[in-house]
Each structure stands twice: as structure tokens, then as C-alpha cells.
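Asker: Please read through the structure below; I'll follow up with questions.
2 protein chains.
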Amino acid sequence: MFDAHIYSTRRNKLKSILNNGIALFLGNNYAPMNYPANTYPFRQDSNFLYFFGLNDARLAAIIDFESGKEILFGDDVDIDDIIWMGTQASLKDKSAQCGVKETRTYNDLEKYISENSGRQIHYLPPYRADNSIVLEKLLGIKPSSQKKFASIDLIKAVVSLRAVKEPCEIEALEEAQKIGYEMHSTALKMTKPGIYEREIAGAMEGVCLSHGAVVSFPVILTINGQTLHNHCHENILKEGDLLLVDAGAEAPNNYCSDHTRTYPVGGKFTQKQKEIYEIVLKANKEAIQMIKPGITFQSVHFYACKIIAEGLKAIGLMKGNTDEAVKQGAHAMFLPHGLGHMMGLDVHDMEDLGENYVGYDEETKRSTLFGTAYLRMGRKLKEGFVVTVEPGIYFIPALIQMWEKENKFSEFINYSKVNEYLNFGGIRIEDDILVTKDGYRNLGKPIPKEVDDIENLMSC
Amino acid sequence: MFDAHIYSTRRNKLKSILNNGIALFLGNNYAPMNYPANTYPFRQDSNFLYFFGLNDARLAAIIDFESGKEILFGDDVDIDDIIWMGTQASLKDKSAQCGVKETRTYNDLEKYISENSGRQIHYLPPYRADNSIVLEKLLGIKPSSQKKFASIDLIKAVVSLRAVKEPCEIEALEEAQKIGYEMHSTALKMTKPGIYEREIAGAMEGVCLSHGAVVSFPVILTINGQTLHNHCHENILKEGDLLLVDAGAEAPNNYCSDHTRTYPVGGKFTQKQKEIYEIVLKANKEAIQMIKPGITFQSVHFYACKIIAEGLKAIGLMKGNTDEAVKQGAHAMFLPHGLGHMMGLDVHDMEDLGENYVGYDEETKRSTLFGTAYLRMGRKLKEGFVVTVEPGIYFIPALIQMWEKENKFSEFINYSKVNEYLNFGGIRIEDDILVTKDGYRNLGKPIPKEVDDIENLMSC
Numbered sequence: 102m103f104d105a106h107i108y109s110t111r112r113n114k115l116k117s118i119l120n121n122g123i124a125l126f127l128g129n130n131y132a133p134m135n136y137p138a139n140t141y142p143f144r145q146d147s148n149f150l151y152f153f154g155l156n157d158a159r160l161a162a163i164i165d166f167e168s169g170k171e172i173l174f175g176d177d178v179d180i181d182d183i184i185w186m187g188t189q190a191s192l193k194d195k196s197a198q199c200g201v202k203e204t205r206t207y208n209d210l211e212k213y214i215s216e217n218s219g220r221q222i223h224y225l226p227p228y229r230a231d232n233s234i235v236l237e238k239l240l241g242i243k244p245s246s247q248k249k250f251a252s253i254d255l256i257k258a259v260v261s262l263r264a265v266k267e268p269c270e271i272e273a274l275e276e277a278q279k280i281g282y283e284m285h286s287t288a289l290k291m292t293k294p295g296i297y298e299r300e301i302a303g304a305m306e307g308v309c310l311s312h313g314a315v316v317s318f319p320v321i322l323t324i325n326g327q328t329l330h331n332h333c334h335e336n337i338l339k340e341g342d343l344l345l346v347d348a349g350a351e352a353p354n355n356y357c358s359d360h361t362r363t364y365p366v367g368g369k370f371t372q373k374q375k376e377i378y379e380i381v382l383k384a385n386k387e388a389i390q391m392i393k394p395g396i397t398f399q400s401v402h403f404y405a406c407k408i409i410a411e412g413l414k415a416i417g418l419m420k421g422n423t424d425e426a427v428k429q430g431a432h433a434m435f436l437p438h439g440l441g442h443m444m445g446l447d448v449h450d451m452e453d454l455g456e457n458y459v460g461y462d463e464e465t466k467r468s469t470l471f472g473t474a475y476l477r478m479g480r481k482l483k484e485g486f487v488v489t490v491e492p493g494i495y496f497i498p499a500l501i502q503m504w505e506k507e508n509k510f511s512e513f514i515n516y517s518k519v520n521e522y523l524n525f526g527g528i529r530i531e532d533d534i535l536v537t538k539d540g541y542r543n544l545g546k547p548i549p550k551e552v553d554d555i556e557n558l559m560s561c
Numbered sequence: 102m103f104d105a106h107i108y109s110t111r112r113n114k115l116k117s118i119l120n121n122g123i124a125l126f127l128g129n130n131y132a133p134m135n136y137p138a139n140t141y142p143f144r145q146d147s148n149f150l151y152f153f154g155l156n157d158a159r160l161a162a163i164i165d166f167e168s169g170k171e172i173l174f175g176d177d178v179d180i181d182d183i184i185w186m187g188t189q190a191s192l193k194d195k196s197a198q199c200g201v202k203e204t205r206t207y208n209d210l211e212k213y214i215s216e217n218s219g220r221q222i223h224y225l226p227p228y229r230a231d232n233s234i235v236l237e238k239l240l241g242i243k244p245s246s247q248k249k250f251a252s253i254d255l256i257k258a259v260v261s262l263r264a265v266k267e268p269c270e271i272e273a274l275e276e277a278q279k280i281g282y283e284m285h286s287t288a289l290k291m292t293k294p295g296i297y298e299r300e301i302a303g304a305m306e307g308v309c310l311s312h313g314a315v316v317s318f319p320v321i322l323t324i325n326g327q328t329l330h331n332h333c334h335e336n337i338l339k340e341g342d343l344l345l346v347d348a349g350a351e352a353p354n355n356y357c358s359d360h361t362r363t364y365p366v367g368g369k370f371t372q373k374q375k376e377i378y379e380i381v382l383k384a385n386k387e388a389i390q391m392i393k394p395g396i397t398f399q400s401v402h403f404y405a406c407k408i409i410a411e412g413l414k415a416i417g418l419m420k421g422n423t424d425e426a427v428k429q430g431a432h433a434m435f436l437p438h439g440l441g442h443m444m445g446l447d448v449h450d451m452e453d454l455g456e457n458y459v460g461y462d463e464e465t466k467r468s469t470l471f472g473t474a475y476l477r478m479g480r481k482l483k484e485g486f487v488v489t490v491e492p493g494i495y496f497i498p499a500l501i502q503m504w505e506k507e508n509k510f511s512e513f514i515n516y517s518k519v520n521e522y523l524n525f526g527g528i529r530i531e532d533d534i535l536v537t538k539d540g541y542r543n544l545g546k547p548i549p550k551e552v553d554d555i556e557n558l559m560s561c
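As they're listed, the protein sequences go chains A and B. Just so it is clear: in the first sequence, position 31 is 132 by this note's numbering, and no numbers are missing. Just so it is clear: in the second sequence, position 54 is 155 by this note's numbering, and no numbers are missing.
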């Protein structure tokens, strides 16, 4: 599926956008856990994967935009490496795999950069501290200043390419969806009173690992869904709880899936839960139906917020003019995050390059309002973009109490009614959507989200 | 089990060993995977855990050996943190949990260090690059020189305390053993022709995660056991293969287990496999029986090597004087690693502090011979030490071919016979052993290792 031609073509496209200086790409290294040799599972840098496709540690590469030259820097293994880690492809073989003609040792990178001092070196913002130390050594820029001096031209060029998924990338995303589907099916089956959250989360991750995949982010699986990124799994599920499950796979091809479902422990939603669930589901489905090239994701976000505000008004939790409520940000007490984000090689695609370069542009500016400010993606959609659509409604006691004390948005929020929901938790429903030529495609086999479907499956 | 008194007592013991300067302990931070906010599971620094017991990111602490003062540096959460991550204990609560009286903000650490400039600041060798950057900022020492300037006095003092396990630590290790036992039982049950290595490895890790634990190191599960740290799991098991499974749990209390078993795919060892297996098993059992205070682990290692050399001689793979063969290192072609290592909060306990400080002393010096040089632990055993005992026999084609070409140790190795084993793979058998007052205790419920027991269980 991915061959040398794919990577050469991507680099050639980059060369057609930029025409001065040299781009420096540092691959990732093993990240130590509790001592140097006990490392976390290796994760290559996504930009390095995109342009070179090599999934090994301690590699770097340059592209010279003036001469067109490309060099891969790395080292071959010795007998000790073979004894401990097994045989590996040679650096020459690796360079052939991605269509790069010239190779040098990793240590030669310093020499190469000093030979080219005076020329512009484009680099992307580092997020691994070990690479920051390498960058300081190579370029003399202190770690604390490296983000500031990263190349905006290179960032913008990379975003313009990576944002539009190629057919082979969509296939790769579908592979991840299959594993994600199996993870979520496992969770639905196991959601029963008396089980620990960690038992379900562990089984889900086990399913993922069994495919040679890893989780695309740490599993969120909690009866306290009101905490948006809750990684505590120590609670026992009991009848009447809501279990929020936000999880995805990163397939062996490094592409991701990311879905959220919310299940009623015991198999039946209470009336109160069902009312809130149906509002979130409506927001999820109608927002998805709006997806097409040319529409801004910010407007889709606000549309979903409006559905949520109207739904909450219908059951007495909000009041007043819902357009005005959303404009001023009153709904954000219930939905304090954005509708979604780009997805691809990263589950929040290209977030290392800066959310505003990925999700915004000259035309669409990021809001500074509480809640809406968390919207990572706002700009106009194009064919080939992949975004998540993940509305939610949460009852966050600390936030409710703070706002009520400040009497904030009391013209839009019915605090006395809201206080009846302090132990409700949270609901989120999330799908992964490809923008097609004239609309959208919901990626992967559908994971049940209708109330009846969930209740029927849970009663099996 | 672990309370403030435990941590205070440990710090007081440290104060009784060192009496000048200040010890600086940097806790770990979240480690980014593919962008800043997508992080690996948090793992606290083990030294920080040992002296302060706090399992949260972005903490630091000092102990002033002259005034006796102790300060915990960290920050309280704000409303945004609560929305995303939930409520957390305050810094004051955290300091109370470990019996430290004074707290300051994390950023105050820089001020504190500059106020104390001129005094000796003891620090341990950093292994996380982000902490190296912090150390450079605090102490002005370049990352590449930080290991060199780490405090040998502090290293030695910490090793002297952490090496001898307290009763509560032994209980904690037993908790990890329970999870490790369940992981290995899962692997034994799943070892059948037609399954992928990754399916078993994934299920094992799933079991571990279900307990709220993590793997104490990346699972080694391979039909190519001759590659010592083989993390490729893409092979399908077939009848007649040997499956080497080296895995352990790090319990929620952060203490570890580490066991290796080798199973015959199909349920029956071939005659050739059985012969080699029995040699490794003999080395494992007899080495364990030697464990007691006062004996050097180096001598236990050499005893195990001798059993292996004699066993290999008995079946015609080695020849000549086995004492001389082991002395010169000829056996290391089959066993190119050490017999074991210390275990505790780290699976290779305290490896970040330097293997030679942990495993060697004035009395016992590290060998430079190939293979034996990998022995991490050599020194005299004391009551309360916990070590692994993990002999193995491997047929590593690249090593065999290299040595044969060099005609190396041809007086001890029967290369023509060895060449009949090029596709054999490798066998390792590993247990976790506590040094008791007058002998040893094999920790945890025994994981089957006798040929008959394994074959009977696999035929169920």
C-alpha cells in the first residue's frame, strides 16, 4: 500500500511549495520510562512517517529545497544489537524503501548542518525533549526558544499536504476503524454492574494489542464522564451509571481511529439519561449531515451547540434566546470543548505543528470564548479532510458551582434545575468523518449509537 | 501499607548517611508520544517514589542534609485542569501523605536553588531528557555532562537503602507476582499452533491492564527466543516451535514481577528441545538453591554457566575442560547474558543509578569478558535483596557464524554439531528470588516449569 513512490511524491510536492533552504526532519527515539533501557513502545514522529515512512528510532533526514538533494542519516546495527534486538534492514535498504538516494551516519548530521551554516534550516516544533537537546546542539537554539523559531513556511506546507488524505491513507484509516470497532464491541459486551472500569479498559486495550496495534491515545472509560479526559479506571460499575468510553486504535500502519460511545450500566437508560442522550445524538447526527467541502467546521460546531442549547431548553435546563446563549457561550457550561479535530497519523492530527495552523486560517479565526476556545478545528472543509464529530453534554459540579456563585449567564441557565443533575456524569458520542467530493462518509463499520440498538444489544 | 511514616523513615535514614549539602529529586513528567498532549502512561521516577511516594507529574523535592529541612515543589490544579482531568489532592495534602512539612510552587525551585548556590547540590543521573533540560536550567550543567557530575555519594546511599527490601516492599512485590502469574497462565493456555504471537502478547498485557497494572517492561514473546529482547510479535506459532515468554507486571503499587517460561508449541517438547530445556532448568533450580546471604551473585552466575557448559558437553555441543571453558567465556556463545539482576520498583532495579553501583562493589568487580560483561549483578547477597535467576541457552546464527569463522574457542565448541541447531531458537527460565536470613524464597505462586507439568497443562 505504501511504497517508495508515495514518499518521493510527497517530498516532491513539498519541494514544489518551498524553494529556499533546507528542511530538517528529526525522527523520534525510544523514550525511557523509569531507566534508560526500559522504554515506552516506540512511536515514530508522524511528519517523519509521512515523508519517509521509516518506523525505526534514531533516524534523521534533510531535504535541500535548492539542490533537490535528500539525505537519510542513521546507523547500521552491530553484533551486540543483533544478539539483543535481532537483525534489521540496513540503512541503505531503509533509504531504498523511501526512495532517498544518499545515506550518512547519524553523527554526520552535525557535520552536514555546520557545512550548511548560513543557509536557512527549516524545522518543525519539537515535542520530544531529547530532540530539543539535539536541535540545540545542531542549531544553537535553546529548547525554550525552539518553538518560536520553528519554520512557519514548513509548518504551513506540511499541514497543506497532510490535511488532505490520499486514497492509501483512507484505506489505512479504515484498517484502524476495524480494530476500533472490535474494541468498542468488547466494551459494550462487558458493560455490566459489578465490573471494574479497569477490567473493561484492559480488555479493550488487549484487543487492540492483539492486532499488533496500540491505542491511539490512553483509553478514557469512566462512570465520571463529566471529567473530559478521565484516565482513572478504579470504579466499580453499578446499575444506573452511565459509562463513557472514548477510545481508538493506532493500526500497525500508524493511522488512527477515535470513537466515543456512552452506555447505560444495567442495559436501560433512565428517562433522565435518555432525554440528555437523545440531544447529544441529535447534535452528532445533524452535525455529521452538514459535513461537505466549503462549509467551515466552526459553523458545524455552532450548529451542534445550538441543537444542544435547544434540547436543554426543551427540558428546562436552559432558557431564553438560544442563538444568543450560544453566541455568548452559555452552552459551554454543558459542552466546554470543541466539536472535533482533524485525524490521521495522529489522533489529533498534526497537533504538534500548532492547532491554529491546522484548524484555522486567514478566513476563520479561533474564538477566545470559554469552551469554544477549545475547538481545535474551525476552518473550511476540503475533500479528503478527516475530522471527528463529538458533541457531548456534561454536568461538571465544580464548574456549575463556580458559575452559579458568579451568577453567570443566569438569563440562559436554569441553575435550580441544573442542580438536580449534579450526579449525572457526562455523555459524548463521537464518529470519524471523511469529507468527500460532495458530502461525507462516516468511516468504518457503524458502532451502535441509537438508544434502541444499544438497549437491545445490552440485553443479549 | 505505605504511609507517611515509611517515607519519613527512609528520608531520615538517608540523612543519617549523608551530612552535607542538599539532595535534589526531580519527579517525572508526562512523556509525549506523537504530540505534546498525547502522552505515554505516566511513570513516576522510582527514587522519587521511594522517598516521597507521590505518583503525580511535575513534582520535585529537596532534602537539606545540614538543616534537615525537606520541601516539596509542585502546583495546585485550576478549574481547567478539573474540567479535563478531574479534582486532585492539593499540594498540601500530597506533602502530608509523605510527611513533608514545607511546600512551594514548582517554579520556586529555581529560586530555591539560586538562593543555595555555592552549596553542594547532590542529584541522581537523569534519564528523562526533559529533566535534563530542567537540571541544566537549575545547575548550569550541560545534559551531556550531567551523568558525570551526578553525586556518587547520593547514588551509593540510595542504592544501600533501596537494595534491601522492607517487609512492606516484599508484600508489594507479592502483589505484582499475582498479576504476573495470571499473565503467564494466559500465555500457557493460548500457546497453540496457528495463533499469532501478538494475540498472546496482547491478551497477556490486557490481563495486566485489567488489574490497573502495567507491564514492567515491554512483553517479550517470540518463537525466535535467540533474540534476547525480541519485541516483534508478527509470527504465527507452528507445531514444533518453542515459544519464549518473558514478561512481568508492575502492580498499581509500582513494584514489579519478571518471569520467563519457554513452551513447546503443540504441547510436547521434541527430544532435542527437551535435552536443552533440562539443562536450562537444572541451571535455574541449582542456581536458586545457592542463593543466601554472603555468597556473591557472580559466583552463582558462574555456577549456572558451568551447569550449562557441562550439559552442552554431555550432548556433544561443547567439549574440553568445562571449568576452563567458562573461565575463558566459551559458554557465552550459548548464554551471552548475565544470570540476573536486582528487582524492586524497577524491573532492573535502580539501573538508572548505574549498574556498577547497584551490582558491584570494591570486593566484586565487573568482568569485561563477552557475555559475562552483561551480568548486571555480581556482588555479595544480603538479606532483603531480590534478584532474578534467569539462565538460558540460545542458538544465535549471526554469533555462531561469526565465531566459527574466527575459529574462536574451537577447543571448547563443537561447531559441526552446533550447526545442527541453527534453527533451534532459545530457551530461558526465570524466577524472582528473595534473599532471606538463611537462604531464599522463590516469590509468588510457582509458574509451572517442569517438563511434565508443562506438557500435562498444555494437553488439557
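Ideal Cβ positions, reconstructed from N, Cα and C, are used throughout, including at glycine.
#1: I'd like the list of long-range same chain contacts for Gly-71 (chain A), defined as Cβ closer than 7 Å, with 5 residues on each side in sequence excluded.
#2: Is it buried or exposed for Asp-231 (chain B), if we count other Cβ within 10 angstroms and need 16 for buried?
#3: Let's test the definition: count the other Cβ atoms within 10 Å of the Cβ of Ser-196 (chain A) and tell me whether it reaches 16, buried, or not, exposed.
#4: Contact criterion: CB-CB distance below 7 Å. Does Asp-231 (chain B) meet it with respect to chain A?
#5: Which class does Tyr-356 (chain B) belong to by DSSP, given the choice of helix, strand or coil?
#6: From the beta carbon of Phe-318 (chain B), is the nearest beta carbon of chain A less than 7 Å away?
#7: Jot down the residue ranges of each uninterrupted beta strand (DSSP E) in the region 291-337 of chain B, minimum 3 residues, whole runs only, in chain order.
#8: Following the continuous alpha helix (DSSP H) through Val-427 (chain A), name the residue where it begins and the one where it ends.
#9: For Cys-562 (chain A), which of A:Gly-485, A:Ile-222, A:Tyr-522 and A:Lys-249 has the nearest alpha-carbon?
#10: Can you tell me which of the three DSSP states Glu-507 (chain B) falls into?
#11: With three or more C-beta pairs closer than 8 Å as the rule, is the region 167-185 of chain B touching the region 321-338 of chain A?
#12: For chain B, is any of its Cβ atoms less than 7 Å away from the one on Ser-590 (chain A)?
#13: Could you check what DSSP says for Ile-494 (chain B) in three-state terms: helix, strand or coil?
#14: Using a cut-off of 7 Å between C-beta atoms, extract the partners of Met-478 (chain B) located in chain A.
#15: What's the call for Lys-587 (chain B), buried or exposed, on a 16-neighbour Cβ count within 10 Å?
#16: From which residue to which residue does the beta strand (DSSP E) around Val-346 (chain A) run?
#17: Please look up how many angstroms separate the CB atoms of Lys-420 (chain B) and Lys-414 (chain B), rounded, as I've assumed it's under 8 Å.
#18: Quick one, which residues of the region 329-343 of chain B are near chain A if we go by CB-CB under 9 Å, in chain order?
#19: Run through the DSSP bridge pairs and tell me what Asn-232 (chain B) is partnered with.
#20: Using a Cβ cut-off of 7 Å (strictly closer), state whether Gly-295 (chain A) contacts chain B.
#21: Under the assumption that Gly-367 (chain A) contacts Asp-359 (chain A) (Cβ atoms under 8 Å), give the Cβ distance between them as a whole number of angstroms.
#22: Listing by chain order, which chain B residues have their CB less than 9 Å from the CB of Asp-590 (chain A)?
#23: In chain A, which residues lie with their C-beta within 9 Å of the C-beta of Glu-452 (chain B)?
#24: I believe Glu-298 (chain A) touches Glu-335 (chain A) by the beta-carbon criterion, under 8 Å. Please report the beta-carbon distance rounded to the nearest angstrom.
#25: Per DSSP, what are the beta-bridge partners of Lys-481 (chain A) in this structure?
#26: Which same chain residues, not among the five before or five after His-312 (chain B), have their C-beta less than 6 Å away from its C-beta?
#27: What do you reckon, are the CB atoms on Met-444 (chain B) and Thr-473 (chain B) nearer than 7 Å?
#28: Pick from A:Lys-538, A:Gly-303, A:Gly-412 and A:Met-503: whose alpha carbon is nearest that of His-285 (chain A)?
#29: In the structure shown, what three-state DSSP assignment does Ile-222 (chain A) receive?
#30: For the beta strand (DSSP E) containing Val-536 (chain A), name the first residue and the last one.
#31: Per DSSP, which residues does Phe-174 (chain A) bridge with? Please list them.
#32: How would you label Pro-294 (chain B), buried or exposed, when you count the other beta carbons within 10 angstroms and need 16 or more for buried?
#33: Residues of chain B with CB closer than 9 Å to the CB of Leu-132 (chain A), please, in chain order.
#34: Among residues of its own chain, excluding the 5 on either side of Lys-248 (chain B), which ones have a beta-carbon nearer than 6 Å to its beta-carbon?
#35: Could you check whether Ile-296 (chain A) and Leu-338 (chain A) sit closer than 7 Å to each other, using their CB atoms as the reference points?
#36: Considering Phe-143 (chain B), what are the terminal residues of the beta strand (DSSP E) in which it resides?
Answerer: Looking at the coordinates:
#1: Past the edges of chain A, shown from 102 to 561, lies residue 71 (chain A), and the structure says nothing about it.
#2: Buried, because 16 or more other Cβ atoms sit within 10 Å of the Cβ of Asp-231 (chain B).
#3: buried
#4: yes
#5: Of the three classes helix, strand and coil, the one that applies to Tyr-356 (chain B) here is coil, per DSSP.
#6: Nearest CB-CB separation between Phe-318 (chain B) and chain A: below the 7 Å threshold.
#7: Entirely contained in the region 291-337 of chain B, the beta strand (DSSP E) runs reaching 3 residues are, in chain order, 321-323.
#8: Taken as a continuous stretch (DSSP letters only), the alpha helix (DSSP H) holding Val-427 (chain A) covers 423-429.
#9: The question about residue 562 (chain A) has no answer here: the residues shown for chain A are numbered 102 through 561.
#10: Here Glu-507 (chain B) carries a coil assignment [DSSP, helix/strand/coil].
#11: yes
#12: Nothing can be reported for residue 590 (chain A): it is not among the residues displayed for chain A, which extend from 102 to 561.
#13: Residue state, collapsed to three classes: strand.
#14: Under the 7 Å cutoff, chain A gives no residues; its nearest Cβ is about 14 Å from Met-478 (chain B).
#15: Look at the range of chain B in this structure, 102 to 561, and you will see that residue 587 (chain B) is not part of it.
#16: 343-348
#17: 6 Å
#18: Leu-329, His-330, Asn-331, His-332, Cys-333, His-334 and Glu-335
#19: Paired residues: none, contrary to the question.
#20: no
#21: Not confirmed; about 27 Å, so no contact.
#22: Absent from the model: residue 590 (chain A). The displayed extent of chain A is 102 to 561, so no value can be given.
#23: Asn-135, Tyr-136, Pro-137, Ala-138 and Asn-139
#24: Right, their Cβ atoms sit about 7 Å apart.
#25: A:Thr-397
#26: Ile-280
#27: no
#28: A:Gly-303
#29: strand
#30: For Val-536 (chain A), the enclosing beta strand (DSSP E) stretches over residues 532-536.
#31: A:Ala-161 and A:Arg-205
#32: exposed
#33: Looking at the sequence itself, residue 132 (chain A) is Ala, so the reference to Leu does not match. Correct list: Ala-132, Pro-133, Met-134, Tyr-141, Arg-229 and Ala-230.
#34: Pro-226
#35: yes
#36: Per DSSP, Phe-143 (chain B) belongs to no beta strand (DSSP E) and is neither H nor E.
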